[in-house]
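Data block below; observations after.
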Amino acid sequence: MSIGEERLQRRMARGVEFLGSKTAILCGAMSWVSERNLVSAISNAGGFGLIACGAMTPELLDAEIAGTKALTDKPFGVNLITMHPQLFELIDVCAKHNVTHIVLAGGLPPAGSLDAIKGNGAKLICFAPALSLAKKLIRSGVDALVVEGMEAGGHIGPVSTSVLAQEILPEVAEQVPVFVAGGIGRGEAIAGYLDQGAAGVQLGTRFACATESIAHPNFKKAFFRASARDAVASVQIDPRLPVIPVRALKNASSELFTAKQREVAQLLDENKVEMMEAQLQIEHYWAGALRRAVIEGDVDNGSLMAGQSVGMVTKEEPVADIIAQLMAEAAHALEKRAA
Ligand SMILES: Cc1cc2nc3c(=O)[nH]c(=O)nc-3n(C[C@H](O)[C@H](O)[C@H](O)COP(=O)(O)O)c2cc1C
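Have a look at this one:
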């Protein structure tokens, strides 16, 4: 083993121990993309796969976990969205399958969910979009954090990964494992965040078009052609309807999203929906738009959610090659640091 590899292993040791995987590289859950094939491929290759539950029913999640287990005996986790109306049934399904790690996305854990998850013996991972929230989540008992910056694909916050990492890692990295996400395309960046105290990293965009990903060939082609500046954040058109920005490749669907916001804003104006329902309608819009692109291959009207690292995704590669490349780049960066 080279000095670089040995250093990388040491820096990843805590994340590896927490996840039970060979490397501390998580593949972030991607709705429609992170299903049994990609998740099992990631875990089989030494990463940590996460099933994207999204809007799945408990029955569908049940089948997806069972299907994933049939393809890997390595650990993997499940990503649940906090606003899912059947969140507690989904937690029960995870318990039935002894899922070891649950990621809660889309806000702070709703009342009772933390106890339900931890009571079942699973480890709970939450997103920390600011230092104050990171501290609050740790106080409430979460086991690990993901710190994700606005370079990421999908739903994003307003702050960059580099700033969030600087603000959050020095304060909390000794208390719980922290995984940094957003804009990571190469191993040198992984080495950098590990040096800052991260226990590991989470990547989405870099894995979305792997050979094992079921994403439509048109979706993959759009990724291979795109550069960083093509992955833009959606725009909120009505100040009364706060929508979480989504980063995706530019296409005609941004106009469809504008039209959707107008339609929902009007329903709000006419008191036909409450704010919560309005925001849920927006989320359903995104789930449908992403499905159109990922599953049906409609790259004009569907949503091509992608992070700014998309420019570093140039061809279809097996997951194992991507992970090997990231690890080699990280080890090389750490090796050079010795000189
Ligand atoms: C196509 C796509 C779909 C995504 N869907 C979800 C999701 O359903 N739930 C979630 O928590 N994160 C989702 N994400 C975010 C990823 O899990 C991951 O955190 C992010 O991609 C990391 O940043 P990166 O894209 O710069 O690598 C999605 C990302 C992409 C690219």
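With the first letter of the sequence shown counted as 1, position 132 gets the number 1074 in our numbering; the numbers rise by one all the way through. Glycine included, C-beta positions come from ideal geometry on N, C-alpha and C. Quick caveat, the model's predicted, so the values are computed rather than measured.
Specify, as a first and last residue, the run of the beta strand (DSSP E) that residue 1009 falls within.
Premise fails: residue 1009 lies in the alpha helix (DSSP H), 1000-1013, not in any beta strand (DSSP E).
Suppose you measure from the CA of residue 969 to the CA of residue 1182; what does that come to, to the nearest Å?
35 Å
To the nearest whole angstrom, what separates the beta carbons of residue 983 and residue 1261, a pair I think is in contact under 8 Å?
4 Å
Please give the ranges of any alpha helix (DSSP H) in the stretch 1184-1235, keeping only runs that are unbroken, at least 4 residues long and fully inside the region.
1195-1211
Taking 6 Å as the limit, name every residue whose beta carbon sits nearer than that to some heavy atom of ligand 1, in sequence order.
970, 971, 972, 973, 975, 994, 996, 1021, 1047, 1090, 1093, 1094, 1095, 1096, 1123, 1124, 1125, 1126, 1144, 1145, 1146, 1147, 1148, 1150, 1247, 1248, 1249 and 1251
When burial is assigned at 16 or more other CB atoms within 10 Å of the CB, is residue 1234 buried or exposed?
buried
Quick check on the burial criterion: 16 or more other C-beta atoms within 10 angstroms. Buried or exposed for residue 1272?
Buried: at least 16 other Cβ atoms inside 10 Å.
Give a yes or no on whether 7 Å exceeds the smallest Cβ distance from residue 1107 to chain B.
The structure shown has no chain B; it contains just one protein chain.
CA-to-CA distance, residue 1128 to residue 1134, given in whole angstroms:
11 Å
Start and end of the alpha helix (DSSP H) containing residue 1043?
Where residue 1043 is concerned, there is no enclosing alpha helix (DSSP H), although the beta strand (DSSP E) it sits in stretches over 1043-1047.
Alpha-carbon to alpha-carbon, residue 1179 and residue 1307
Residue 1307 lies beyond the residue range present for the chain, which begins at 943 and ends at 1281; the question has no answer from this structure.
For residue 1068, the first and last residue of its enclosing beta strand (DSSP E)
Residue 1068 -> beta strand (DSSP E) spans 1065-1069.
Tell me which same chain residues have a C-beta within less than 8 Å of the C-beta of residue 1080, skipping the five on either side of it?
For residue 1080, the CB contacts under 8 Å within the same chain, skipping 5 residues up- and downstream, are 1087, 1114, 1117 and 1118 in chain order.
Assess, as a yes-or-no matter, whether the stretch 954-963 is touched by the stretch 1224-1234 under the definition of 3 or more beta carbon pairs within less than 8 Å.
As far as the Cβ criterion goes, the stretch 1224-1234 does not touch the stretch 954-963, which means the pair count is below three.
Using only the alpha-carbon positions, how far apart do residue 1256 and residue 1213 sit?
47 Å
Keeping to the same chain, check which residues put their C-beta closer than 7 Å to that of residue 992; ignore five residues upstream and five downstream.
968, 969, 970, 971, 976, 981, 1018, 1019, 1020, 1021 and 1045
Leaving aside the five residues before and after residue 1144 along the sequence, list all residues of the same chain whose C-beta is less than 6 Å from its C-beta, in chain order.
968, 970, 1088, 1121 and 1123
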